[in-house]
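Numbered per the numbering used here, the sequence shown spans residues 4 to 479.
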Amino acid sequence: MASLFSRDKRIIWMRRIRNFWEEFSHTKIGLVGLGLLVLYILVAALSPWLTPYDPIAQPRLAQSFAMPEWVTVFPQFSNLTKTRRITLSWNVENDPLNLVTGGWGTSVGVQYKAGDLQPVLLVLHSKFSYAEIPPNEFFQQFAYQSTDTKDVEYSVTLNLVTPEGEIYQFWDEGGLTGDRGQWVTRDSKDPLFIAALFPNEPGKHLGKVFFTQKGEYTFVLELRFRPKSMDATAQLEISDSKLVILGHVHGILGADYFAKDIWAQVVYGAQLSLAIGFLAAIVGTSIGILVGVVSGYLGGIADEVSMRIVDILLCLPLLPLLLALVNLYGRNVYYIVLFIAIFGWQGLARVIRSQTLSIRETAYIETARASGAGGFYIMLRHIIPNIIPVAFASMVLAVPSAILFESALSFLGFGDPRVPTWGKMLQHAFQSGAFINLAWWWIIPPGIAIIGICMAFVFIGFAFDEIVNPRLRRRR
């Protein structure tokens, strides 16, 4: 082991690396590929800092198919709005018994104690202004929690009042008794919510109904208490009240059908694509080197059997076979890498075998045999170091192949659903109607990302070929 890292060995390897870089730096296409690869590696490494959003678990950030924010520089898109998150701050409008006892603003505490058997109405309101174009989507949320309820029936009603005085009921639940908690969400896309307001118009766009007027809007929250005895009591807490008006535009690359950030998916997709490409290429290249060197050096039955296996594997339809294997063993990214590697080494094995056949007949190999060196020692110390440049060039070109196969599997619905990949983005875009709706900001970025990373490795591989194979070198 010490001899492998001796001073002389280090000097030799440093000289080789320096000479290789001098050759590589003269190939412009190789430098372009290296620059692209460095860019992708930086994006993958800096993913957590390039975007604040998780690529899988995200809240609704904008409306479905929201365009990128930068399109607003064009006159025809200048009136498109961003997502607006309004925190509802409650104020007392009617409180005859001073029921509001704790908390103001977003959280309000209410304590009821019967003084007589008459029903009591508590009214809270929250005002906000809206002066932009009507949104396509919005949702409103609040929560109420009741405790220490005794001999009382209560109800919770929430209404929206427009600047012109029109009233729309968002929530109405009565006849409540006992301790309970409720998280209320009213979504403009919810068909039950639409049917409750407009039973004869199931396709109504509520955002274009409620927010067509510019001015001051008011949410009115009504709490009614109906005591059943003089000992009736109840405590309520209203909290987490907000209104989210989803924007027409969002972020650098907009949002997909699920209102998730596309930029985050593209950025984190670089991590998975590079990892899948490198792992599959390394494993496949290692298998190709092993089979090619052993087959070429030993010859005979070992050579015949290994080459017939290679011939059989080369005749198999790779993509249908990968689809069957992934469906059989599960849609796991590790299985996908393993399957791509297992079926990606045959061509390299043939090339390594031919190189080994020529190397084993050289004089220094004969000298090593005559001095008593064994076959394993010769393969490890003399043959493999001489075929490493060819294998490395092949491995560089195997990376984009692995990335394309993974993208194809994901696009066909056989990718790992737990990880963000560019192929998965294209699959979701196809299934969600992005092509029909011409949502180019969802379709083009993952496609360009796949093309760019493949071009990077192809350019680098082309430069390696020129360096390793003297016949391909150009006159400079």
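All C-beta atoms, glycine included, are put in the ideal place defined by N, C-alpha and C.
On the three-state DSSP scale, how would you describe Trp24? helix
Quick one: what does DSSP say Gln114 is sitting in, helix, strand or coil? strand
Provide the residue span of the beta strand (DSSP E) that contains Arg229, from first to last. 218-230
Please list, in chain order, all residues of the same chain as Tyr271 whose beta carbon is under 6 Å from its beta carbon, the five residues on each side excluded. Ser50, Pro58, Pro423
Beta-carbon separation of Ser298 and Ala352 under 9 Å? yes
Cutting at 8 Å between CB atoms, please list the residues of its own chain near Leu39, excluding the five before and the five after it. Gly455, Ile456, Met458, Ala459, Phe462
Span separating the alpha-carbon of Ala5 from that of Pro420: Its pLDDT being 46, under 50, Ala5 is placed unreliably by the model, and the measurement read from it follows with that caveat. Distance between the alpha carbons of Ala5 and Pro420 is about 46 Å.
Between the C-alpha atoms of Gly33 and Phe465, what's the straight-line distance to the nearest angstrom? 7 Å
Quick one: what does DSSP say Ser410 is sitting in, helix, strand or coil? helix
Any idea if Ala235 is buried or exposed, counting beta-carbon neighbours within 10 angstroms, 16 or more meaning buried? buried
Hey, how far is the Cα of Leu124 from the Cα of Glu96? 11 Å
In its own chain, which residues sit with a C-beta less than 7 Å from the C-beta of Gly210, not counting the 5 before and 5 after it? Pro137, Pro138, Asn139, Glu140, Phe141, Ser191
Using 8 Å as the threshold, is the stretch 219-226 in touch with the stretch 152-164, meaning 3 or more CB pairs across them? yes
Under the three-state reduction of DSSP, which class applies to Phe201: helix, strand or coil? coil
Do Pro392 and Leu1 have their beta-carbon atoms positioned less than 9 Å apart in this structure? Absent from the model: residue 1. The displayed extent of the chain is 4 to 479, so no value can be given.
Could you name the residues that DSSP lists as bridge partners for Glu169? Partner(s): none; Glu169 has no beta bridge.
Using only the alpha-carbon positions, how far apart do Arg478 and Thr365 sit? Low local confidence applies: a pLDDT of 46 at Arg478 is under 50, so the model's placement there is unreliable, with the coordinate-based value given in what follows. Their backbone Cα atoms lie some 30 Å apart in a straight line.
By the three-class DSSP mapping on this structure, what secondary structure does Ala60 have? coil
Contact under 9 Å by Cβ, Glu156 with Lys231: yes
Starting from the Cα of Ser129, find the closest Cα among Asn94, Val111, Gln148 and give me that residue. Asn94
Using the Cα positions of Val354 and Tyr300, report the straight-line distance between them to the nearest angstrom. 13 Å
Reduced DSSP category for Glu364 - H, G, I as helix; E, B as strand; rest coil: coil
Do we get a CB-CB distance below 9 Å when we pair Phe342 with the residues of chain D? Among the protein chains of the structure shown there is no chain D, as only one such chain exists.
Report buried or exposed for Asp264, applying the criterion of at least 16 other Cβ atoms within 10 angstroms of its Cβ. buried
Can the beta-carbon of Ala273 be found less than 9 Å from the beta-carbon of Ala452? yes
Please determine, among Ile14, Arg227, Asp193, the residue with the shortest C-alpha to C-alpha distance to Gly178. Arg227
Assuming Gln144 and Lys245 form a contact by the criterion Cβ under 8 Å, report the distance between their Cβ atoms to the nearest whole angstrom. 6 Å
Rounded straight-line distance, which links the Cα of Pro320 to that of Asn335: 21 Å
I'd like the list of long-range same chain contacts for Leu53, defined as Cβ closer than 6 Å, with 5 residues on each side in sequence excluded. Val270
Fully enclosed by the stretch 66-149, which beta strand (DSSP E) runs are 3 residues long or longer? 87-90, 94-97, 103-105, 111-116, 123-133
With Leu64 and His253 assumed to form a contact (beta carbons below 8 Å), what rounded beta-carbon distance in angstroms separates them? 5 Å
Taking the alpha carbon of Leu441 as the reference point, which residue from Leu407, Tyr43, Ser67, Arg10 has its own alpha carbon closest? Ser67
Apart from the five residues just before and just after Leu83, which ones in its own chain have a Cβ nearer than 8 Å to its Cβ? Met70, Val74, Thr75, Ile136, Gly250, His251, Val252
Taking its Cβ as the centre, do 16 or more other Cβ atoms sit within 10 Å of Lys427, making it buried, or is it exposed? buried
Does the separation of the CB atoms of Leu317 and Gly347 fall below 9 Å? no
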